[in-house]
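These protein sequence lines map, in sequence, to chains A and B. For the first sequence, the positions run 11 to 376 when my numbering is used. For the second sequence, the positions run 11 to 376 when my numbering is used. For each residue, glycine too, the CB sits at the ideal point set by N, CA and C. Quantities reported herein were computed from a predicted structural model and do not represent experimental measurements. Worksheet for the structure shown next.
Protein chains: 2
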Amino acid sequence: MQDRLQQLINIFQKEKLDALIVSSIPNIIYLTFLSGFSKDEREAFLFITKNEKYILTDGRYSEAVKSKVPDFKLIEISSKISFEEALKTLVRKHNIKRLGFDGDNISFLEHKKLSRLLNDLNHFTLGRLRTIKSATEIIAIEKACNLGDKTFKFILGKIKKGVSEKELTFEIEFFIKKHGSDISFPPIVAFGKNSSVPHHVPTNNKLTNNQIVLLDFGVKYKNYCSDMTRTVFFGKPTIEQKRMYETVLLAQQKAIEFLSGKSDKEYPMQRILLGKNVDKVARDYIISKGYSSIPHSVGHGIGLEVHEAPHISPNSKDILKEGMVFSIEPGIYIPGFGGVRIEDLVVLEKNGPRLLTHSPKRIIEI
Amino acid sequence: MQDRLQQLINIFQKEKLDALIVSSIPNIIYLTFLSGFSKDEREAFLFITKNEKYILTDGRYSEAVKSKVPDFKLIEISSKISFEEALKTLVRKHNIKRLGFDGDNISFLEHKKLSRLLNDLNHFTLGRLRTIKSATEIIAIEKACNLGDKTFKFILGKIKKGVSEKELTFEIEFFIKKHGSDISFPPIVAFGKNSSVPHHVPTNNKLTNNQIVLLDFGVKYKNYCSDMTRTVFFGKPTIEQKRMYETVLLAQQKAIEFLSGKSDKEYPMQRILLGKNVDKVARDYIISKGYSSIPHSVGHGIGLEVHEAPHISPNSKDILKEGMVFSIEPGIYIPGFGGVRIEDLVVLEKNGPRLLTHSPKRIIEI
């Protein structure tokens with residue numbers, strides 16, 4: 011935790027800021043390990059100067075703060091002292107001239123209130139703070155992935171004629187929670203032509219013969235997320251379904267190979283590995299086989315949030331580095347017919363990418 | 011849906027705006043009934059002018075938009091057309107001079123991007139749009155409450171020596187999902203002294219004799235939320251525990267009576283029913299019995315979000331009106347000892363408040 015705070019302090023000193031307001035929940039978890047705050051409401055701020063660190067929250071959380079992060083000074087917000095007043099006091103006390111805040115996370119109206127405190131407010135993107143994962147973080151993500159793999163194995167046994175998308179969703183969630191973890195997002199289960207909707211919301215539709223079954227789900231273990239997708243066939247896949255599957259699988263393999271640098275012949279060797287180029291490898295391959303371009307990014311970083319930096323998308327400017335964890339998830343979607351997506355998590359290590367999800371990727375017929 | 015859009019159009023015409031950007035997910039659900047979008051990422055915007063309505067989203071949602079909201083014009087966002095570019099085109103096409111946006115929901119950085127489109131950007135709070143519920147909405151909340159009551163009855167049978175807080179949380183969630191609904195927030199289950207932390211995160215602590223059991227959970231039925239809290243006793247409550255319980259219960263009853271206007275003798279008759287005065291009734295009663303003030307609001311509006319307007323808190327300026335649905339949830343929390351909270355949902359009707367949750371509130375010993 012000290013390292014993380016020091017990293018934050020280094021960043022804001024470089025930006026010539028005197029103090030920083032941290033407001034996003036994943037960043038608060040990252041810096042304090044406190045994970046009880048609501049994501050939907052403003053319940054806490056951190057206020058970090060070079061020498062002091064404060065947590066501003068209300069009485070509901072006082073006990074947790076005192077017992078779990080005694081090194082943070084607690085400032086209790088109530089109907090008598092608002093966040094703005096408490097921040098104003100801190101700004102004055104520490105004689106803060108230049109104050110940074112998370113521009114992605116502070117709303118327009120909050121900014122308006124804050125700007126009454128101080129003229130020299132500087133927005134600041136903290137999104138990059140968490141892109142390089144520590145060994146401990148990678149282990150947590152890996153454990154989440156392991157439970158994801160177990161869940162996949164379990165759910166294969168539940169794919170039966172007449173089961174509904176919602177029932178399978180529920181079984182996935184039940185299994186993950188029974189094992190002491192949480193889901194990282196509501197699982198997606200899509201049968202037949204529903205699989206052509208990349209973010210399908212599971213229905214009461216029942217499984218019938220010869221349908222595609224797309225399963226996209228993730229585990230949250232100690233606040234760290236996993237994410238995986240597998241597409242299986244209930245009955246024998248048609249030639250077209252097989253062709254789609256094999257194209258997606260090869261697109262994924264090509265992207266992963268590209269990460270490792272083994273595909274130098276196809277793409278010029280790059281010292282700088284750009285997210286957009288990884289996207290391009292998988293995307294171009296799918297297009298080259300006559301399918302439509304992928305209607306989403308080929309991948310995304312993952313950690314305390316399911317989707318976080320780095321971005322692996324056509325417009326990404328992100329450079330992929332050692333210690334980053336992200337998904338590679340190409341897909342083909344044919345409206346009214348069906349879709350295939352295959353998604354794994356990868357960590358970039360010194361010697362190349364290492365897969366964190368290990369569920370089989372051969373064609374599975376049930 | 012037409013009524014809701016018309017209401018929105020009336021509002022922004024009154025504000026002399028030419029068009030409005032709607033960005034918050036609950037507001038998008040309210041206006042389109044589309045509920046698949048992520049709450050954590052920006053996946054859709056509505057753009058509403060007097061005569062036209064657009065939905066901007068990416069290819070993953072195109073099929074759902076076309077089949078479910080054909081009256082909205084779909085503008086597909088991709089790596090080639092960003093949200094900003096699509097909005098810019100619309101602003102030009104409709105010759106928009108004054109554009110409104112949701113100031114609570116648009117981040118500082120998003121606002122910065124939008125302000126490049128148009129000089130005359132006007133923030134606008136849409137939070138009030140949903141405070142008065144229609145009959146259909148009240149029925150949905152009531153159904154969510156009914157399943158909440160069933161869940162409470164069910165969970166009483168699961169409160170046994172050695173069960174953990176997490177296990178009970180899981181049973182609550184399991185029961186609600188088995189009945190085809192969702193949870194409206196992660197359930198809170200707190201044993202013994204943990205009950206003094208109003209937003210306790212359930213642990214693996216096991217239930218032992220003579221502990222308080224606090225249960226706070228909600229159901230989401232067709233996107234509408236319920237919320238309820240009950241505090242029961244595993245074993246015979248002590249005299250002090252009983253006194254706490256009865257004080258909280260009476261504080262709640264007094265606040266509900268105040269809503270009905272039946273307690274005119276204690277509080278002067280008010281034509282205008284203020285949220286802050288309802289809060290005061292319960293809060294003052296608890297303080298008058300020698301306990302600390304409640305470390306949270308006495309109540310909150312509820313609907314598509316668990317917490318929404320109106321606010322029932324010491325600083326609330328909200329006027330409570332017919333058709334509003336909100337919680338009344340006083341509590342007493344003694345650190346290291348334990349806490350009691352009792353929470354019900356109420357709808358304000360012509361003839362006064364009507365309870366939507368019906369679980370028993372006598373002292374329950376298990």
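Paired residues, beta bridge with residue i - DSSP
i, result
"S174/B", "K216/B"
"C155/A", "Beta-bridge pairing links C155/A to no other residue."
"P238/A", "In the sequence under discussion, the amino acid at residue 238/A is Met, which differs from the Pro named in the question. Per DSSP, F227/A."
"N132/A", "G110/A"
"I282/A", "Paired residues: none, contrary to the question."
"T59/B", "A29/B"
"S337/B", "L355/B"
"K83/B", "Y64/B"
"Y343/A", "G349/A"
"L365/B", "V356/B"
Whole-number beta carbon distance between residue j and residue i, since they are thought to touch under 8 Å
i, j, result
"A74/B", "G110/B", "With a Cβ gap of about 26 Å, A74/B and G110/B do not count as contacting."
"R293/A", "S303/A", "6 Å"
"I373/B", "Y231/B", "Wrong, their Cβ atoms sit about 29 Å apart, outside the cutoff."
"S117/B", "N115/A", "7 Å"
"G313/A", "R140/A", "6 Å"
"L18/A", "I58/A", "6 Å"
"K216/A", "S174/A", "5 Å"
"N132/A", "L225/A", "So it is not a contact: roughly 44 Å between Cβ atoms."
"M334/A", "I186/A", "The Cβ separation is near 25 Å, so there is no contact."
"E94/A", "K123/A", "5 Å"
"S326/A", "D289/A", "7 Å"
Inter-residue Cα distance where the pair is residue i and residue j
i, j, result
"E276/B", "E53/B", "Only weak support is given to the placement of E276/B: the predicted model assigns it a pLDDT of 49, under 50, and the value that follows is read from those uncertain coordinates. If you take the alpha carbons of E276/B and E53/B, they lie about 51 Å apart."
"A29/B", "L330/B", "29 Å"
"L65/A", "K286/A", "It is worth fixing the name first, because residue 65/A is Ile in this sequence and not Leu. Whole-angstrom Cα-Cα distance: 38 Å."
"K83/A", "I342/B", "25 Å"
"F336/B", "V32/A", "31 Å"
"Q16/B", "A96/B", "24 Å"
"V291/A", "F268/A", "8 Å"
"V308/A", "T257/A", "14 Å"
"L283/B", "S144/B", "20 Å"
"G190/A", "H104/A", "43 Å"
"H321/B", "D328/B", "6 Å"
"G362/B", "S270/B", "5 Å"
"M279/A", "E250/A", "Any reading at M279/A needs caution, since the residue's pLDDT is 48, under 50, leaving its predicted position unreliable; the model's value is listed next. When rounded, the distance between both Cα atoms is 34 Å."
"H56/A", "P324/B", "A small correction: the amino acid at residue 56/A is Leu; His does not occupy that position in the sequence shown. Distance between the alpha carbons of L56/A and P324/B is about 25 Å."
"K360/B", "S89/B", "52 Å"
"G300/A", "K252/A", "15 Å"
"I266/A", "E120/B", "33 Å"
"L44/B", "S72/B", "12 Å"
"G167/A", "F347/A", "25 Å"
"G172/A", "L365/A", "34 Å"
Member of the options whose CA lies at the smallest distance from the CA of residue i
i, options, result
"C235/B", "S270/B, G113/B, I58/B, V356/B", "V356/B"
"H310/A", "I338/A, Y231/A, N219/A", "I338/A"
"E177/A", "E177/B, L178/B, F184/B, K176/B", "F184/B"
"I169/B", "K122/B, E181/B, S125/B", "E181/B"
"K107/A", "E94/A, L128/A, N214/A, K98/A", "L128/A"
"F227/B", "D81/B, E25/B, I165/B", "I165/B"
"T367/A", "K90/A, K187/A, N20/A, M238/A", "M238/A"
"V211/B", "G300/B, P197/B, N219/B, T218/B", "P197/B"
"P305/A", "N20/B, I91/B, A154/B", "I91/B"
Proximity below 8 Å, CB of residue i to CB of residue j
i, j, result
"I193/A", "V223/A", "no"
"P208/B", "G349/B", "yes"
"L390/A", "R70/A", "Outside the displayed span of chain A (11 to 376) sits residue 390/A, for which this structure offers no information."
"F243/A", "E375/A", "yes"
"L259/B", "I149/B", "no"
"P240/B", "F134/B", "A small correction: the amino acid at residue 240/B is Arg; Pro does not occupy that position in the sequence shown. No, Cβ-Cβ distance for R240/B and F134/B is not below 8 Å."
"D159/A", "L136/A", "no"
"Q23/A", "K78/A", "no"
"E86/A", "D68/A", "yes"
"V316/B", "F201/B", "no"
"S206/B", "P80/B", "no"
"N233/B", "I39/B", "yes"
"I296/B", "P340/B", "yes"
"G245/A", "N219/A", "yes"
Partners in chain E for residue i, counting only beta-carbon separations shorter than 7 Å
i, result
"F184/B", "Although the question refers to chain E, the structure presented lacks it and instead comprises the protein chains A and B."
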